[in-house]
Each structure stands twice: as C-alpha cells, then as structure tokens.
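Residue 483 is where the sequence shown starts when you use the numbering used here, and the numbers rise one by one after that. Using N, Cα and C, we set each Cβ at its ideal position, and we do this for glycine too. Computed from a predicted model, the values in this text were never measured in an experiment. Comments concern the structure below.
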Amino acid sequence: MDLTDAPRRPRAESIVPMINVVFLLLIFFLMTSRLAQPDPFEITPPTADLDAPVEAEAILYVDKTGRLSFDGIEGDAALARLAQVSASDAVLQLRADSALEAAKAAGLLKDLSSAGFARVELVVSPK
C-alpha cells in the first residue's frame, strides 16, 4: 500500500500582475500624450533655416489654392469664425502650403489683421 502523497501539479502562473502592468502603462501613456486633430487637408509647409517653438492656440490652414480651414469650418466662414475668437493678445498659427501664391498670402494677412489678429506665426519646416 502506497501512503505517499500524490504528486501535485505545478500551479499555473497567474497573468493578473501582467495585466495590471499593461493597464498602468496604458493609463500612463494616455495621461502623458497629447492628442491633436488631424490636418483638414494636405499641406506642405515652406522651409526655413530657423526653428523657433510655436506658441499659438488658434491654427488656420491654407492649401495651395487658397482654401481656408479653421476649427473644422472651411472657406470664408473660417474667417468669420476667426473674427469671433480673436483677442487683442491672440497669436494665430498659419499653416500654409509652400505652393501658395504670395499675393494670396498677402491678401489673407490683410484679412487676418482686420479680423483682429496683430500677431500671425507662419509654420515652416526646417531645412
């Protein structure tokens, strides 16, 4: 008669700690990341030698044909919306295509000035 204990099966490894770590990492990356809206249309910014940080909150997109987009609104309605949100110290970020004609850009700057923006920053890509 055999009175020894039956051999025990080894305990399966618990995956609960690994799941906890994965969720903690997920929460960490969600809290530290910055989610941005995608550009409304394809824009190739002009190039420049200087690379200064951008500090604007309002972003106006202009494609090579002069089409405007701001806050999900396109066309002349975008300028009207910009005039509503402009403040005396507001900085506007202009993301214009490098193929945009200078005459159209100059006309747009006049419109932005009349909308109340005293400072407009042009976004460029470094050389």
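query, result
"So, for SER596: in the same chain, excluding its five sequence neighbours on each side, which residues have a beta-carbon less than 6 Å away from its beta-carbon?", "none"
"What is the DSSP secondary structure of THR514, counted as helix, strand or coil?", "helix"
"Is there a C-beta anywhere in chain D that falls below 9 Å from the one on ALA585?", "As a matter of chain content, chain D is missing from the structure shown, which is built from one protein chain."
"Measuring CB to CB, does ALA560 end up less than 9 Å from SER551?", "yes"
"Given VAL602, which residues of its chain have a CB within under 7 Å of its CB, disregarding the five upstream and five downstream residues?", "LEU574, LEU576, LEU591 and LEU594"
"Quick check: the Cα distance between SER568 and GLY554, rounded to an integer number of angstroms?", "16 Å"
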